[in-house]
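Enquirer:
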Amino acid sequence: MSSLLLCLCLSLAQCVFPVSSSATANAVKEQLCVLSKGRSFAFTSSHGCVRERKARLRRPDRSSDVPSPFPLRAGTFADGLEVPDNVIEFTKGLSVRATAKLREQLFEYPALKKLSGETYKLRGMGAVSDIKKDESLFQIMFDGVIRTDGAERNPMPSEFCSSSFWKNARWETRLAVQLLNEKRQTDSLFFQWINQLPKVGEMDTPIHWDGSELRELQSPYLASKVAEQQGNWTREYGDYVSAMEKDGMSAQFSEDEFVWAKEMARSRSVGVRKPRINFPLAWFTVFFFLLTSTIVQQDLVKVSEEFGRALVGVPTLMFVYLVFEFFYTSARDLKIRAMLPFLDFLNHDSKSANTVELQALQGAFILKAAEDVKRGQQVFLNYGQRSSDETLQYYGFVPEGGLEEDSAVVDFVRVLKSSKSALIGGGVETEKEDGGEKKEKKKKGKKDGKIAGMSPEFTDERMKKELEKWQEESADRSRFPPLVSPDGATVSASDLTRQLKILQSEGLLSALQEMAFGKKKEEPVLPGVMQVARFLVATETEASLGLRSFQKQLNPDNEWRALELLRRVALLDLYSKPTSLEIDKKLLKDPKLLPLPDSVSGSSGGAAGKREWGSPKERRERSFRRRQIACAYRLQKKRCLKAAAKALEGQLTSLGRELGVISSKTKVAA
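Those letters in the sequence shown? Residues -15 to -1, 1 to 655, per mature numbering (1 follows the signal peptide of the UniProt record, and there is no 0), in order.
1) Between which two residues does the alpha helix (DSSP H) carrying LEU122 extend?
2) Once you ignore the five residues that flank LEU572 on each side, which residues in its own chain have a CB closer than 7 Å to its CB?
3) To the nearest whole angstrom, what separates the beta carbons of ASP374 and LYS210, a pair I think is in contact under 8 Å?
4) In this structure, how does DSSP classify TYR368 when only helix, strand and coil are distinguished?
5) Tell me TYR379's beta-bridge partners as DSSP assigns them.
6) On the CB-based measure, 16 or more other CB atoms within 10 Å of its CB, does GLN362 come out buried or exposed?
7) Contact between the stretch 377 to 386 and the stretch 121 to 133 is defined here as three or more beta-carbon pairs at a separation below 8 Å; is this criterion met?
8) For GLY599, which three-state DSSP category applies?
9) Which residue wins for smallest C-alpha separation from ASN543, given the options ALA528, ARG553 and VAL554?
10) What do you get for LEU640, buried or exposed, if any count of 16 or more other CB atoms within 10 angstroms of its CB means buried?
11) Please report the Cβ distance between ARG519 and LEU493, rounded to the nearest whole angstrom; I am assuming they are in contact, meaning their Cβ atoms lie under 8 Å.
12) In or out: ASN153 buried (at least 16 other Cβ within 10 Å) or exposed?
13) Does the count of Cβ pairs from the stretch 456 to 463 and the stretch 556 to 575 closer than 8 Å reach three?
14) State the CB to CB distance for the pair THR475 and LEU468, rounded to an integer number of angstroms; the pair is presumed to be in contact (CB under 8 Å).
15) I need the DSSP call for GLN344, collapsed to helix, strand or coil.
16) For a test of the three-state rule: what should DSSP assign to GLN363, helix, strand or coil?
17) Determine the DSSP secondary structure at ALA205, reduced to helix, strand or coil.
18) Answer with buried or exposed for VAL522, where buried requires no fewer than 16 other C-beta atoms within 10 angstroms of its C-beta.
19) With DSSP collapsed to three states, give me the class of LEU579.
20) Should ALA349 and MET188 be called a contact, given that it needs their Cβ atoms to be closer than 9 Å?
21) Apart from the five residues just before and just after LYS353, which ones in its own chain have a Cβ nearer than 7 Å to its Cβ?
22) Report yes if the C-beta distance between SER490 and SER561 is below 9 Å; otherwise report no.
23) CA-CA distance, residue 674 and LEU199?
24) Which residues mark the beginning and the end of the alpha helix (DSSP H) in which GLN456 is found?
25) Just list the alpha helix (DSSP H) runs in the stretch 108 to 164, keeping only unbroken ones of 4 residues or longer that don't cross its boundaries, in chain order.
26) Exposed or buried, what is SER440 when buried is set at 16 or more other beta-carbons lying within 10 Å of its beta-carbon?
27) What is the residue span of the beta strand (DSSP E) that ALA349 lies within?
28) Could you pull the start and end residues of the alpha helix (DSSP H) that ALA547 belongs to?
29) Going by C-alpha to C-alpha distance, which of ASP128, PRO191, GLU525 and LYS184 sits closest to ARG610?
30) Take LEU237 and list the residues in its own chain whose beta-carbon comes closer than 8 Å to its own, dropping the five residues that flank it on each side.
31) Whose C-beta lies closer than 6 Å to the C-beta of ALA63 among residues of the same chain, with five residues either side of it excluded?
32) I believe THR343 touches VAL257 by the beta-carbon criterion, under 8 Å. Please report the beta-carbon distance rounded to the nearest angstrom.
33) Whole-angstrom Cβ separation of PRO326 and PHE175, contact assumed at under 8 Å?
34) Out of GLU442, ARG253, GLU508 and ASP472, state which residue places its alpha-carbon closest to the alpha-carbon of ARG546.
35) Can you name, in chain order, every residue of its own chain whose Cβ lies under 6 Å from the Cβ of PHE274, other than the five neighbours on each side?
36) When burial is assigned at 16 or more other CB atoms within 10 Å of the CB, is LEU160 buried or exposed?
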């Protein structure tokens, strides 16, 4: 009778949550067998629900396969790419449904050139026939993903991953270790998909770049983030090794493999809000309540009165747990992070409305076409609102055309230390000689074609002249008049130093070190940055009011000084760049003008790059590609700085007209 009840429960679950594979049917058979042998089993949810601890996913028997209505077909991938012959089999095994109107293709990216001048072709998913809006593109069931919500127990054998390490691991580390666990199993359902991923050593994100390539970014902010990433990932691997040794075991994968898996997890996963209601458990609770109530009331099975009451009380306890889980999930706003096989073949486009949704009732991740797609067009996926810093650091690309939400991050403390006198006005900086006299400090680069702060040199004579012109112009434009507001209040170096110490004591130094300047005309800087700027230029009387008083405009004169300070910070950072915006445009248009070192290191130079890979020609090609990407990145950042300075200038002009210090036909001097 117990076996019959279990079979009925699992059959209901299969009807409510259909899975395009034989996984559930096999699970029913296995667990009935387990029950008949008197062995214990665990019941969680319908998503790979009935399983023994430490069980491994295996391919289903071919004889029990159920054809999927939207199969990925063998031979639909781009020419020249490795494609297994049994695509249909392992997509069904993973419970992945994909429309046959999509196929993997190679798409040209005109903005990226090879040394030969040939255009790069990159993988992507294209439409082989017209796709209508709201048409299903992908449906991936829960048992077909690698996922974590940050609260589950270690699902892997302890000899592969220590539970103590798992408990404190971040979400991307949990995904990475699970990916490595599946990678080592040749009978894993994910094995064929993993074979389609880039191999260890083939990733080209900045963590693998050498020092000269990172300097091409002209971004101390991103360079520091990459260094921080390297340190964190190396430390995490050390924690893994220590945890395994503490449990009397050795590490099961190398640091190179760990970094590879971390990169896969960061670049090929999506985050969705965890459902507040556990629908599989809720349906089972209702079903179990009706079943037990019927059994007890109709006396279908002879049981004692005490056992009958206990049996009916089980659904009550399950209902209490559901209520607890609802409020717990709502309070913590938990997210599920998942790696979705094959869906990760779609490239990112911030303008695309295609996003992944979690359908809790179906127990599946769904992707539908947000708009009509014509035959031959590439189908994109919106990875979310990410800055070009994040897309380059973790994905290895710079969004084409730039992002409206993008920003350039400036370290105000660094600008203040290097250009304090230029920032508050008073001409170029000076320093004392041994004799006590002052001499002018000129921050001009060498006029021999070498870019200040960068190792390569221009060989093209036109570019040398462009560079010399920029070096002279940037030095001249870095001179500002004294920072004085319409009421006559002047900002001095001592004022800035005093306010800076107060902010440091309040723990707000990080806000100064990461000032973001964006393209938005209405809000070129965030409210937090504006608040800090108002406080920095405050008089002693204004500063006595406290930092909270500067969340909004205190008075027009203070606002004037704050806007002017931020404008100068943006311009000084722009003028400190080794190349101008116009030079970068020319370099991007004709990449052959890019300076390239005579010799290129064989090591990738990062946490993952402890071995040489590729021939000298391939390494040179790789370095050339990285310099193009770096040029596109810094070009976007300079556009952000220029747009922010122009927007701040416009706000100053408007404020000046309100104060009557600027006529309606004039503007603030650039």
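Cβ coordinates follow ideal geometry from the N, Cα and C atoms, glycine included.
Expert: Judging by the given coordinates:
1) Note, LEU122: premise wrong, no alpha helix (DSSP H); beta strand (DSSP E) at 121 to 126.
2) LEU578, LEU579 and CYS616
3) So it is a contact: roughly 7 Å between Cβ atoms.
4) Here DSSP, grouped into helix, strand and coil, assigns TYR368 to coil.
5) According to DSSP, TYR379 bridges with nothing at all.
6) Flag for GLN362 reads exposed.
7) The way I'd put it, the stretch 377 to 386 doesn't touch the stretch 121 to 133; fewer than three beta-carbon pairs between them come closer than 8 Å.
8) coil
9) ALA528
10) buried
11) With a Cβ gap of about 13 Å, ARG519 and LEU493 do not count as contacting.
12) exposed
13) Segments in contact, yes.
14) That belief holds up - the Cβ atoms of THR475 and LEU468 are roughly 7 Å apart, short of 8 Å.
15) strand
16) strand
17) It should be noted that the sequence gives Pro, not Ala, for residue 205. It is helical.
18) If you draw a 10 Å sphere on the C-beta of VAL522, you find 16 or more other C-beta atoms in it, and that means buried.
19) Secondary structure at LEU579: coil, using DSSP grouped into helix, strand and coil.
20) no
21) ASP119, GLU120, SER121 and LEU122
22) no
23) Beyond the ends of the chain as shown, which are -15 and 655, falls residue 674; an answer cannot be given.
24) Counting along the chain, the unbroken alpha helix (DSSP H) around GLN456 starts and ends at 446 to 462.
25) Every unbroken stretch of the alpha helix (DSSP H) spanning 4 or more residues and falling wholly within the stretch 108 to 164 is given here in chain order: 148 to 153.
26) Only weak support is given to the placement of SER440: the predicted model assigns it a pLDDT of 46, under 50, and the value that follows is read from those uncertain coordinates. Exposed, because fewer than 16 other Cβ atoms sit within 10 Å of the Cβ of SER440.
27) 349 to 353
28) 541 to 560
29) PRO191
30) In the sequence on display, residue 237 carries Gln and not Leu. Cβ neighbours of GLN237 beyond the five flanking positions: GLU144, PHE145, CYS146, LEU165, ARG169 and MET229.
31) At ALA63, the pLDDT of 34 sits below 50, so the modelled position is not reliable; the number obtained from the coordinates is stated separately. Cβ within range, chain order: GLU89, GLN90 and LEU91.
32) Correcting the residue type first, residue 343 is Leu in the shown sequence and not Thr. Confirmed, Cβ separation roughly 4 Å.
33) 7 Å
34) ASP472
35) PRO300
36) buried
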